[in-house]
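A quick write-up on the structure given underneath.
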Amino acid sequence: MNTTEKTDVLVVGSGFGGAITAYHLAAGGARVTVLERGPWLETEELQHDFLLGSSYTRAFDFTVGDGMSVLGGNCVGGGSMVYFAALPRAPRFVFERRGSIGRRMWPSAITREALDPWYDRVAEAMGVRTQDWSDVSYAGGLWGAACDHSGRTANPVPVAIDKDACVNCNWMMAGCRFEAKKSLVFNYLPAAVSHGARIRPLHEVQRLERTDDGGYRVHYDVIDEDDYRITTDSGVIEAKIVVLAAGAGATPVILKRSESDLGTMPHAVGRYFSGNGERLNTAVVNEDRVRDVLGLSRDEERAYEAFQIGKGPCVANWDRLDGSLPEYSRYSLEQLYFPPALGTILAQAPGAPTPSWFGADKKEMLKRWKSWLIVFTMSEDDNEGVFGPPPPTGNAVRLSQQMLGRGPLTYRPTMNTLKGWSQSDSEVKEILEKDGIARVAPWTNDLVGAYTVHPLASCRIGDDPHTSALDDRHELRGHPGIFVTDGSSVPGALTVNPAMTIAALAERAAPGIVDAARARGVDVTYGAPAPDGATSGRGNVLKLAGQKS
Amino acid sequence: MPRGTPDAGSTETRTLEAFADTILPGAKRTQEDTAVAGRAHDAGAVEAGALDLLRTSATGVASGLAEFTELLNEHAGRYADQHGIPLEGGLPPFVRLPFEDRTALVTALTSPGHPEKEFWVMLALFCNMAYDSAAHISTPAAIAAGHPGLRAMGFAAPDPDGLLRFKEYSYGRPLARLHPDTTSSGSPA
């Protein structure tokens, strides 16, 4: 007797790409199962604690590659649990980028104007709002004031944070204990569950194979809840449609591991990876100069000393987001908080002899930690990343019980990428060292390569089959019924935080996946309201969805 | 004795302490302290608990510490030979090296292209973490106990429920002109 479990749609991963598609498919009537390799953390489990094994190390992965390391969510809610909820839309010029292929790399169907209705849907669903200066943390205010002092503009970034509930604890990377940060566990995922979707945490998908009826058999391992190096069980589910949304560091690995069963993958699977052109600089500010030059003070005694206070990035400089500038010279400079450990080891002591990431000077720098300011560059890289052969399981050989692993990604930055980083380093230095406000140094790339918190493009959409793994409906070329909707589908670096664009693309992909499911006999329709029942974002996209199908 | 068990005075302990002290140096704990070079006047990675963290199984390095120790001392012996540094006496070779030479050796081991770089970077990472995040102790407890790293950095203490809250967080006034092309959604155009 065949007892293999079956579902209509199997979704791999529960971050933006998985949660959004799972919601629309479940709300439309499909049987949906979501396999998430990380744990399901309840609000009460979210701790303010660096102890290994706390929610901080359970919720995300740090995967070291050759030349690039990737930080990504590893829990139900994916990146939305560990992100900083900054949700700007990508600037218009990004969609016209040519990148390493010398011609427009986005599908011709997608421009900023075309994506705006889908951005609107996400904004409604996630509760994205603009911030004003009274919402901005001291660190964001300092960055804004420094930009202004050097003749530049600065913008509070749009976020999905309930300002009344937020306590500015800066523990967002461990999940938000105060439910102030709008994660997917408060909107799309519970709405999907209410429509019958099943979410299984600690289920790590390993590979796919095709069934005789044109569907897919999905093989997974069950992961130990404390020690992710241990597999406790394994199993199989059959589905008519598979939505891969395991993240740009994992989706191509699953596909490459499946190649022996599914047949040859498109050339772009596991290629063209982008780290969103990310780069970090740490400044140690001179408190007296902050008061005297910028006129800032918290109280009688303190001008700043507030690195720890806030809610991730609050203020960004967008002066270089100018479409008339040459490609690879456009970037945003965003004030950012990174917690100790992940946010300190790579910081170099400004002005110290090399190596300046460890030793006596670094220790003195740590003792000035309250006076730090981190500035985050998001630039245009060259999609240099390539994935090598998959590890035995998952997307990495896990080194530690949680968090730390060694993955198969290789990244060799081209001169284009290096030039953008160098230019942004110089600009951050120019802004913050003006009139002695601070001393600045970039993070070292010598230890774990470059460092991204926004992995993209490793299985991307496009019009050209040679340089894109997916068509513009996010279906894997040559493998009908497999869709990819996570950050790996984004064609290249966005110069801003990418969550909003990943989410908008997943919203845009949903009607096409519904159509594909219907063609395979699934009784499902498209047209659900926002997860909370709001409908103002739906009108414009229903028309678009109708045109598409 | 099982590998990774604390053993004050052992080759493993002294060697790893000397490595941790090279990453974030501290003051000598006693006049006879040989592992800590004494290049700081306050606590460094060793006093912050680097050995406790390295010996925590969750790190994934605990079971390999004996091999790390052996390897590091082999490297130190070769380094001493090459640089004409005498290594007489009973101390492990890495501990015998002056602070500047420990630093030079760690620099070489963690530099791009070194075949063992990944391991030494991991070891350095955990030594750093012992100081700047006390990852071997629950954070509220570490702060309450006056953990030297978190205290030196000025990491704020949580409320009695173990959760951190900041009531004051903003300068509360406009501090820059907005980009002229900002859209109504607050995004770049």
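From first to last, the protein sequence lines are chains E and V. One gets the numbering used here by counting positions in the first sequence from 1 and adding 1443 to each. One gets the numbering used here by counting positions in the second sequence from 1 and adding 669 to each. Glycine included, each C-beta is placed from N, C-alpha and C at the ideal position. Just so it is clear, the structure is predicted and the values come from calculations on it, not from any experiment.
- Below-8 Å beta-carbon distance, T703/V vs any chain E residue: no
Under the three-state DSSP convention, the category A1711/E falls into
coil
Counting contacts by CB-CB distance shorter than 8 Å, is H1491/E in contact with chain V? yes
**Prompt:** What separation, rounded to the nearest whole angstrom, lies between the Cα atoms of A810/V and M798/V?
**Reply:** Note on geometry: alpha-carbon atoms of A810/V and M798/V lie some 16 Å from one another.
Notebook entry, point to check: Under 9 Å Cβ-Cβ, which residues of chain V neighbour V1939/E?
Noted result: S856 and P857
- prompt: When burial is assigned at 16 or more other CB atoms within 10 Å of the CB, is Q751/V buried or exposed?
  reply: Exposed, because fewer than 16 other Cβ atoms sit within 10 Å of the Cβ of Q751/V.
- Which residues in chain V sit within 8 Å of C1590/E, going by Cβ to Cβ distance? A845
Near G1583/E, which residues of its chain fall below 6 Å by C-beta distance, leaving aside the five closest residues on each side in sequence? Apart from the 5 residues on each side of it in sequence, G1583/E sits with its Cβ closer than 6 Å to the Cβ of C1757, V1758 and Q1778 in its chain, given in chain order.
- prompt: Three or more beta-carbon pairs under 8 Å between the region 1688-1707 of chain E and the region 1959-1967 of chain E, yes or no?
  reply: no
- Message: On the CB-based measure, 16 or more other CB atoms within 10 Å of its CB, does P675/V come out buried or exposed?
- Response: Residue confidence for P675/V is low, a pLDDT of 41 falling below 50, so the modelled location carries little weight; the figure read from the coordinates is stated next. Burial call: exposed.
**Report entry** Inter-residue spacing [alpha-carbon to alpha-carbon] between T703/V and Y1780/E
**Finding:** 38 Å
Rounded to whole angstroms, how far is the Cβ of S1543/E from the Cβ of N1826/E, which I believe are closer than 8 Å? 5 Å
Open item on the list: Considering only the alpha carbon of each residue, which of A1597/E, L1919/E, P1974/E and K1986/E lies closest to A1566/E?
Closed with: For the residues A1597/E, L1919/E, P1974/E and K1986/E, the minimum Cα distance to A1566/E belongs to P1974/E.
### Query
Are any of the Cβ atoms in chain V nearer than 8 Å to that of K1805/E?
yes
_Test item: CB-CB of F1459/E and S1523/E under 8 Å_ = Taking 8 Å as the Cβ cut-off, F1459/E and S1523/E qualify as a contacting pair.
- Query: Is it right to say Q1574/E is buried, meaning 16 or more other beta carbons lie within 10 angstroms of its own, or is it exposed?
  - Reply: buried
Practice task
Could you tell me if Q1751/E is buried or exposed, where buried requires 16 or more neighbouring beta carbons within 10 angstroms of its beta carbon?
Solution key: buried
Since C1612/E sits in a beta bridge, which residues does DSSP pair it with? G1753/E
P809/V in three-state terms, based on DSSP
helix
task = Give every residue of the same chain whose Cβ lies closer than 7 Å to the Cβ of K1991/E, excluding the five residues on either side of it in the sequence, and list them in chain order.
result = Below a pLDDT of 50, predicted positions are generally treated as unreliable, and K1991/E, at 48, falls in that range; no measurement from the model is reported.
**Q.** Closest by C-alpha distance to A803/V, when choosing among A687/V, T728/V and T684/V
**A.** Nearest C-alpha to A803/V: T728/V.
- Anticipated Cβ contact below 8 Å, G1828/E with P1851/E, distance rounded: Not confirmed; about 10 Å, so no contact.
In chain E, what lies closer than 9 Å to G831/V by C-beta?
Simply Q1490, H1491 and D1492.
*Between which two residues does the alpha helix (DSSP H) containing H1467/E stretch?*
F1459 to A1470
- If you drop the 5 nearest sequence neighbours on each side, which residues of the same chain put their C-beta closer than 6 Å to that of R1763/E? R1773 and Y1774
key: CB of A1635/E within 8 Å of CB of T1725/E, strictly   = no
Check: Taking the DSSP output, what are the residues bridged to G1515/E?
Finding: D1504/E
**Report entry** Neighbourhood of S1945/E by C-beta, 7 Å cutoff - its chain only, sequence neighbours within 5 removed
**Finding:** Checking the displayed sequence, the identity of residue 1945/E turns out to be Ile instead of Ser. Excluding residues within five positions, the ones whose Cβ falls inside 7 Å are F1459, G1460, D1929, G1930 and V1933.
task = Check E681/V in the structure and name its three-state DSSP category.
result = helix
- Query: Under a three-way DSSP split, which group does P1599/E fall into?
  - Reply: strand
Burial state of G1587/E, where buried means 16 or more other Cβ atoms lie within 10 Å | buried
field: Closer than 7 Å at the beta carbon, the chain E residues around P827/V
entry: Chain order gives the chain E residues near P827/V as H1491, where near means a beta carbon separation below 7 Å.
I want to verify the contact list: residues of chain E whose CB lies under 8 Å from the CB of I806/V, in sequence order. Using a Cβ-Cβ cut-off of 8 Å, I806/V is close to L1494 of chain E, given in chain order.
Task: Start-to-end residues for the alpha helix (DSSP H) that takes in M822/V - done: Its alpha helix (DSSP H) spans residues P817 to M822.
* Please go through the same chain and pick out, in chain order, the residues whose beta-carbon is closer than 6 Å to the beta-carbon of W1800/E, but skip the five residues on each side of it. => Q1791 and T1887
I want to verify the contact list: residues of chain V whose CB lies under 8 Å from the CB of D1762/E, in sequence order. Under the 8 Å cutoff, chain V gives H848.
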